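First comes the structure, then the notes that go with it.
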Amino acid sequence: MIHSLFIINSSGDVFMEKHWKSVISRSVCDYFFDQQRKVANPEDMPPIIATPHHYLISIHRCCMFFVAVCMTEVPPLFVIEFLHRVVDTFEDYFSDCTESIIKEHYVVVYELLDEMLDNGFPLATESNILKELIKPPNILRTIANTVTGKSKHPFVLPAIGQLSNVPWRRTGVKYTNNEAYFDVVEEVDAIIDKSGSTVFAEIQGYIDCCIKLSGMPDLTLSFMNPRLFDDVSFHPCVRFKRWESERILSFIPPDGNFRLMSYHIGSQNIVAIPIYVRHSISFREAGGGRLDITVGPKQTIGRTVESVIIEIPMPKAVLNCSLIPNQGKYSFDPVSKVLIWDVGRIDIAKLPNLRGTV
Amino acid sequence: YKLPNDFDKLTCTTDKLKQININIEVCPERIDLIHKNYRKLCNLLVDVDEWGQVIIINMLTRYARTQFTNPNINEDSGEDLNNKPFYDEDDDEDDDDDSEKGGKRKKKLMLDGDHRLLLRNTKPLLQSRNASVVMGVAQLYHHLAPRSEVMVVAKALIRLLRSHREVQSVVLNCIASISTLHKGMFEPFLKSFFVRTSDPTHIKLLKLEILTNLATETSISVILREFQTYISSHDKEFVAAAIQAIGRCASNIKEVTDSCLNGLVSLLSNRDEAVVAESVVVIKKLLQTQPNEHKDIIIHMAKLVDFITVPQARASILWLLGEYSDRVPKIAPDVLRKMAKTFISEEDIVKLQILNLAVKLYLTNPKQTKLLCQYVFSLARYDQNYDIRDRARFLRQFIFPSAGYDNSRLAKHAKKIFLATKPAPVLESKFKAREQFQLGSLSHYINASANGYHDLPNFPETAPESSVRDVEPPAPPPETRSKKQHTVKKHSFYSESEQSSPADEDAGSLHNQLNSECVFINEENSEFIYVMCYLQKKKKNKKKEESSAESESEEETSGEEEESDSSDEKNKQKTKPAEDTTPAAKPKTNLDLLLELDDVPPTMTPVLTPSLGGFLTPVTNPVMPITPASIQLASPSFIPMKTQELLNKISGHGLTVLSRFTRSPHLFSPSMVSIELTFTNLSSDEISDIQVSNKNLPPGMTLHEFAIISSLPVNMTLPGTIGVDFNDSTQPVSLTISTGSGNSNQLTIKPPIGELIRAVTMPEPLFITEQSKLRGMNEHSEVVTLPAYYSEHKMISQHIYEACNVANIPSTDPKTLRFAGQTLSSKSLVLVTVKLLDNEQVNISVNCEKMVIGSMLLNEIRSHLRS
């Protein structure tokens with residue numbers, strides 16, 4: 001399975017490595033760098049590279065490459081999914097995942113990796129269990145440790161019996177205020193052609209929870225109209241059978257933040273797109289061109305559209321933009337050639353507009 | 001090595017996982033270690049942690065490939081049309097043979113109980129949040145499930161496309177591989193593969209590949225329109241691939257070849273040189289597949305030689321001119337003249353083609369080109385590249401034979417050699433070759449055998465005895481268990497039940513019987529097992545009776561045996577309690593308790609853990625009963641784009657309303673037909689507050705209005721969707737639409753009968769049983785003569801899809817097309833069968849509980865087929 005993990009920063013340095021079996025020389029990353037030189041931007045990096053003796057499976061997140069080295073046949077998604085889980089855990093522990101943060105918490109990072117993978121096989125990946133074993137860093141504890149001179153970490157690990165029967169929930173949770181929050185996030189993906197008609201639209205939704213309940217709560221969540229979901233995927237805590245027979249989510253939640261389910265509403269349903277963008281762009285041979293963009297609301301069922309941000313990838317030829325928005329701010333990144341226009345709230349009476357030369 | 005036997009804990013701890021892994025790594029072919037644990041593994045799969053699931057699924061896939069027969073074997077042989085009538089004749093001749101063969105065929109349709117168990121227990125895992133679990137189940141279904149059931153994984157795979165970039169890449173790779181084999185699976189999700197500008201290049205290329213694989217006559221227009229937009233992208237590699245994709249579509253689908261070719265030719269005048277060059281190469285390939293009558297294109301391309309600098313494209317043009325020089329006798333020599341001038345500065349590949357062109361022209365038209373040829377050849381003779389020098393020396397022998405070899409055979413046959421018709425290149429997916437690797441494996445992705453990869457074993461011809469898995473005390477399928485009990489109790493019974501089987505099998509069963517006996521003796525305390533069985537039996541007494549009754553009706557062929565079996569069983573159940581009260585009443589020892597813990601579902605009460613899917617399921621009998629539950633809603637196979645004008649601009653004071661049936665379920669209620677209304681303002685003023693002010697509905701109907709359109713600017717178009725429950729009748733509904741300026745207009749909507757139906761799918765056997773229930777008055781049939789141009793089934797299907805919203809049911813008989821749907825309000829089934837007769841006639845029959853709908857639908861289909 002997974003032999004080693006290398007973390008490579010954006011400037012191409014291997015700043016961290018971890019081996020679960022025998023040590024594999026860093027030079028194996030040269031194949032990776034060879035490939036990296038061939039592609040224009042890190043997004044285009046192929047996730048799997050076959051070298052004569054090793055297979056490099058990499059993900060690109062937070063401006064870093066996480067490269068796992070395997071020696072034998074393994075389902076690639078298995079490794080990819082695991083690497084993403086590792087990054088998720090880092091983000092959960094350190095609230096962000098950057099090179100400097102990893103360097104700052106080397107010890108915790110190594111401990112986490114040791115706990116998550118055992119001889120190349122994933123072991124504990126649920127954050128509730130991990131947090132039981134390895135306490136997340138916090139300022140108070142760091143200060144206390146420096147003052148008392150104690151080691152950062154407790155020598156006594158929780159005995160096996162203390163780990164709960166429900167693998168994703170720790171035992172003995174107590175809160176004075178019992179509360180549960182549910183966020184429903186929906187993303188609309190649409191492809192709209194030149195004339196403004198929708199070619200394809202779909203909705204991807206998530207239910208994210210923050211549960212702070214004592215003991216072992218058993219929750220159910222029912223939907224007004226579950227038929228709408230085309231396809232769903234659940235956190236392992238959800239009972240599949242209940243969903244299949246009654247369309248009810250029944251689960252014992254993990255403690256803290258987690259994603260309960262994600263769903264997908266496909267193109268067979270009608271997807272209302274909240275805004276429309278009208279544009280006219282012309283480029284002249286000599287260089288320079290005109291740009292005129294107007295945004296307006298569409299099918300909003302009487303609600304106002306807020307915090308609108310428009311991103312426009314520009315062709316390589318564009319060097320700079322001088323534009324005048326009648327609302328909000330714009331910025332243009334000459335390296336990635338992306339124009340970002342932060343519109344804010346859309347007022348129907350005065351439609352936001354951005355015009356000028358590029 | 002011993003596989004973990006105690007899956008008593010709810011979560012699989014790593015120790016056990018590791019043992020499984022050791023098993024996989026050390027002795028992948030030792031499947032005998034899995035036998036005993038197979039059912040336990042299947043049942044516990046849902047409760048194992050995510051990573052364990054992936055490993056177990058992979059192992060079970062390999063195991064199942066060695067233990068069960070190919071579920072699709074019928075389809076594979078079904079394509080062999082010649083065999084069928086032969087069989088039928090044979091069957092008529094002697095009845096004994098008939099019954100035996102019928103039995104065989106039937107058996108093949110039904111899956112082994114354990115096979116079914118595996119498929120059923122892995123299905124919920126498609127809902128996992130872990131992409132690799134989903135992929136694992138997908139590959140399991142791909143390699144093991146009957147064709148009709150593989151469809152379920154498509155949706156889940158599509159969902160993964162929303163995930164991280166790396167996941168997308170792997171999943172798209174697998175989809176591309178599947179799509180070369182089974183187009184139909186992903187066709188409904190075609191639009192999910194449309195490329196986004198934000199995708200990285202390699203994802204774009206994969207999506208393009210899939211779109212090309214999925215293209216069919218019906219979807220090609222949509223796909224080509226997409227491809228056209230891709231060409232204006234600024235990602236060069238992607239544009240090139242898009243043009244090649246157009247070429248592949250053109251050569252695969254005859255209907256669009258010409259329009260594609262025209263499109264490609266128009267690309268030749270594109271400003272971007274890379275686009276032009278790529279189109280030249282693709283056109284060359286296309287012309288090769290159908291070279292007749294494209295003189296103007298060749299001439300056009302010949303002109304391009306002056307502008308194009310990309311060597312690949314230049315070489316293609318030269319090759320074309322050489323190959324078809326007889327069509328453009330005047331231009332070809334001229335081009336050669338130009339090329340001779342620039343010969344020195346050309347790239348190698350172009351130089352080779354110049355030589356090629358020179359030889360071909362010399363052979364057809366020696367008078368004009370002899371000098372040019374000599375010139376080119378002498379230039380080539382002193383070229384820096386030895387390949388070109390060699391080629392020149394070789395070709396020279398054909399046209400300017402050296403002295404003394406004037407009459408050599410080569411020179412004589414030169415014309416035949418060079419101007420022979422060349423076979424056209426076959427443009428096909430590069431993912432075709434990947435089928436040999438297990439889907440979703442590392443080897444599949446890199447298209448080479450990875451270290452430690454083992455080929456997926458092929459299905460065995462005949463399944464090995466399923467009883468090997470019975471050894472463990474309580475086995476989920478009740479039938480097998482009862483057999484085993486009989487073995488313990490009364491030896492003669494087991495062999496009795498098998499008596500009808502051929503003699504050689506008899507010996508086998510005897511052997512088996514001995515085997516199982518040995519096992520029981522070997523177990524330390526066989527009595528406890530006995531007790532266990534008894535306990536189980538007691539609990540499940542009623543259930544078993546039901547299930548055995550069910551299986552009786554299902555397996556008609558083995559009906560007799562079953563009957564004796566079950567009656568015996570009942571007898572035994574009566575007698576048993578009396579005999580067994582003592583052991584059952586015994587206080588339980590430790591071992592007993594352990595065994596009980598070890599046990600599968602029924603004896604165990606689920607505690608604590610949710611997602612106890614496996615535990616909460618009642619154990620069903622191995623052969624899945626075909627119930628109406630297996631009727632599933634399907635997405636429409638065709639979405640009409642035809643609109644109907646409800647309100648014209650004169651009577652609507654500048655407002656026009658178009659309507660279209662979207663065939664998608666309405667959000668408000670599933671029994672509603674959703675109708676898309678398109679409002680266009682053609683007046684000179686803005687129209688405000690468009691809404692439904694009054695509706696006049698016949699009794700029983702309901703209507704859900706569209707959201708108020710607060711303002712419609714001049715020359716703008718906005719959609720609104722209404723839902724109407726027509727209550728299964730075609731009576732028109734009328735509604736009044738009013739605008740802010742006080743105008744109100746009456747609209748009348750009359751639905752075609754075909755829109756009151758929703759497509760459903762079901763297994764073919766169910767279709768046939770349902771159809772047989774709807775005979776007599778409920779059946780309407782008619783023989784229709786088709787117009788001559790109906791060449792293929794697809795055309796007929798297409799017309800039926802246009803007429804009504806039904807779904808195709810894969811049929812084992814190539815001469816019969818089956819379609820199913822259900823009415824929206826009353827949910828009664830609508831079954832359409834089209835039998836192809838000789839001399840271009842078809843017999844259409846519509847079975848529907850509602851006679852009116854049946855007859856109206858038949859008329860509708862008939863008129864659509866004739867049009």
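Those protein sequences? They're chains H and P, same order as listed.
Taking the UniProt record's numbering, the leading residue of the first sequence gets 1, the next gets one more, and so forth.
Taking the UniProt record's numbering, the leading residue of the second sequence gets 1, the next gets one more, and so forth.
Glycine included, each C-beta is placed from N, C-alpha and C at the ideal position.
Since the model is a prediction, treat every value here as computed from it, not as a measurement.
Discussion item. Looking at chain P, is there any beta carbon in it that lies within less than 8 angstroms of the beta carbon of I7 of chain H?
Written reply: No, no contact with chain P.
Discussion item. Could you tell me which whole beta strand (DSSP E) segments of length 3 or greater appear in the segment 3-41 of chain H?
Written reply: Runs of the beta strand (DSSP E) spanning 3 or more residues and lying entirely within the segment 3-41 of chain H occur at 14-19, in chain order.
Worksheet item: Between the segment 426-434 of chain P and the segment 204-214 of chain P, do three or more beta carbon pairs fall short of 8 angstroms?
Response: Yes, since at least three Cβ pairs between the segment 426-434 of chain P and the segment 204-214 of chain P fall closer than 8 angstroms, the two stretches touch.
Discussion item. Which residue wins for smallest C-alpha separation from V358 of chain H, given the options H:P352, H:V338 and H:L77?
Written reply: Cα-wise, what sits closest to V358 of chain H is H:V338.
Item to complete: Quickly, what does DSSP pair H60 of chain H with across the bridge? List them, please.
Response: In the DSSP output, where bridge partners are listed per residue, H60 of chain H has H:F65.
Discussion item. If I measure Cβ to Cβ from R355 of chain H and keep anything under 8 angstroms in the same chain, skipping five residues before and after, which residues do I get?
Written reply: So the qualifying residues of the chain are R290, L291, D292, I293, L323 and I324.
Discussion item. Against chain H, does L697 of chain P count as a neighbour if the rule is that its beta carbon must be under 8 angstroms from one of theirs?
Written reply: Contact with chain H is absent for L697 of chain P, since none of that chain's Cβ atoms lies less than 8 angstroms from the residue's Cβ.
Practice prompt. Could you confirm whether any beta carbon from chain H is found closer than 8 angstroms to the beta carbon of L3 of chain P?
Written response: Summary for L3 of chain P: the model assigns pLDDT 40, below 50, so the residue's position carries little reliability, and this model does not support an answer.
Item to complete: Answer yes or no: does any C-beta atom of chain H fall closer than 8 angstroms to that of P457 of chain P?
Response: The Cβ of P457 of chain P sits no closer than 8 angstroms to any Cβ of chain H.
Practice prompt. Pair every Cβ in the segment 775-785 of chain P with every Cβ in the segment 738-757 of chain P, then say whether three or more of these pairs are closer than 8 angstroms.
Written response: Contact between the segment 775-785 of chain P and the segment 738-757 of chain P is absent, because fewer than three Cβ pairs lie under 8 angstroms.
Item to complete: Quick one: measure Cβ to Cβ for Y141 of chain P and V150 of chain P, integer angstroms, because I've assumed they're closer than 8 angstroms.
Response: Yes, they are in contact, since the Cβ atoms of Y141 of chain P and V150 of chain P sit about 5 angstroms apart, within 8 angstroms.
Discussion item. For V310 of chain P and I246 of chain P, I'd like the C-alpha separation in whole angstroms.
Written reply: Distance between the alpha carbons of V310 of chain P and I246 of chain P: 20 angstroms.
Practice prompt. Examine chain P for any beta-carbon lying closer than 8 angstroms to the beta-carbon of F155 of chain H, and answer yes or no.
Written response: Reliability fails at F155 of chain H, whose pLDDT of 47 lies under 50, so the model's placement of it is uncertain and no value is given.
Fill in: Cut-off 8 angstroms between Cβ atoms - residues of its own chain near I220 of chain P, not counting five sequence neighbours on either side
The residues are C249, I253, E255 and V256.
Worksheet item: With a CB to CB cut of under 7 angstroms and the five nearest residues on each side skipped, what residues in its chain are close to H105 of chain H?
Response: F94 and P137.
Worksheet item: When we look at the beta-carbon of S22 of chain H and count the other beta-carbons within 10 Å, is it buried (16 or more) or exposed?
Response: Result: exposed.
Discussion item. Excluding the 5 residues flanking C209 of chain H on each side, which residues of the same chain have their C-beta closer than 8 angstroms to its C-beta?
Written reply: For C209 of chain H, where only same-chain residues beyond five positions count, the Cβ hits under 8 angstroms are A180, Y181, F182, D183, P253, N257, F258, R259 and L260.
Practice prompt. Determine the DSSP secondary structure at D292 of chain H, reduced to helix, strand or coil.
Written response: Secondary structure at D292 of chain H: strand, using DSSP grouped into helix, strand and coil.
Fill in: Proximity below 8 angstroms, CB of I129 of chain H to CB of I7 of chain H
Not a contact, by the Cβ cut-off of 8 angstroms.
Practice prompt. Put H142 of chain P into one of helix, strand or coil per three-state DSSP.
Written response: In this structure, H142 of chain P counts as helix in the three-state DSSP scheme.
Fill in: Run of the beta strand (DSSP E) containing P765 of chain P, from where it starts to where it stops
From DSSP, P765 of chain P is part of no beta strand (DSSP E) but of the alpha helix (DSSP H) over E764 to K773.
Practice prompt. Rounded to whole angstroms, what's the CA-CA distance from I354 of chain P to E461 of chain P? Just pull it up for me.
Written response: Near 57 angstroms, if we compare the C-alpha coordinates of E461 of chain P and I354 of chain P.
Item to complete: To the nearest angstrom, report how far apart K155 of chain P and V350 of chain P are at their CA atoms.
Response: Cα-Cα distance, rounded: 48 angstroms.
Practice prompt. Could you tell me how far apart the beta carbons of S148 of chain P and P763 of chain P are, in whole angstroms, since I believe they sit closer than 8 angstroms?
Written response: Indeed they touch by this definition, with Cβ atoms about 6 angstroms apart.
Item to complete: Compare the Cα-Cα distances from S684 of chain P to each of P:W319, P:M716 and P:H704 and report the closest residue.
Response: For S684 of chain P, the closest of P:W319, P:M716 and P:H704 by C-alpha to C-alpha distance is P:M716.
Worksheet item: Expressed to the nearest angstrom, what Euclidean distance is found between the alpha-carbon atoms of M116 of chain H and S214 of chain H?
Response: Spanning the two alpha carbons is a distance of roughly 27 angstroms.
Item to complete: Report the partner residues of A190 of chain H according to the DSSP bridge assignment.
Response: Its beta-bridge partners are H:A201.
Practice prompt. With DSSP as the reference, label S659 of chain P as helix, strand or coil.
Written response: It is a strand residue.
Worksheet entry | Outcome for G440 of chain P when other beta-carbon atoms lying within 10 angstroms are tallied against a minimum of 16 | The residue in question, G440 of chain P, is buried, as its Cβ has 16 or more Cβ neighbours within 10 Å.
Worksheet item: When you compare only the Cα positions, how much space is there between K422 of chain P and L287 of chain P?
Response: Straight-line Cα distance between these residues: approximately 12 angstroms.
Discussion item. At the level of alpha carbons, what is the spacing between D49 of chain P and S197 of chain H?
Written reply: Taking C-alpha positions only, D49 of chain P is separated from S197 of chain H by approximately 45 angstroms.
Item to complete: Could you pull out every residue in the same chain whose Cβ sits closer than 7 angstroms to the Cβ of Q327 of chain H, ignoring the five residues on either side in sequence?
Response: Within the same chain, V343, G344 and P352 come within 7 angstroms of Q327 of chain H by CB-CB distance, once the 5 residues on both sides are set aside.
Discussion item. I need the DSSP call for G344 of chain H, collapsed to helix, strand or coil.
Written reply: When DSSP states are grouped into helix, strand and coil, G344 of chain H belongs to the strand group.
Worksheet item: Hey, is H264 of chain H's beta-carbon within less than 8 angstroms of any beta-carbon in chain P?
Response: At least one CB of chain P lies nearer than 8 angstroms to the CB of H264 of chain H.
Practice prompt. State yes or no: is the C-beta of G322 of chain P within less than 8 angstroms of the C-beta of N365 of chain P?
Written response: No, these two residues do not count as a Cβ contact at 8 angstroms.
Worksheet item: Relative to the C-alpha of V188 of chain H, which residue among H:S280, H:F223, H:Y263 and H:S250 is closest?
Response: Answer by Cα proximity: H:Y263.
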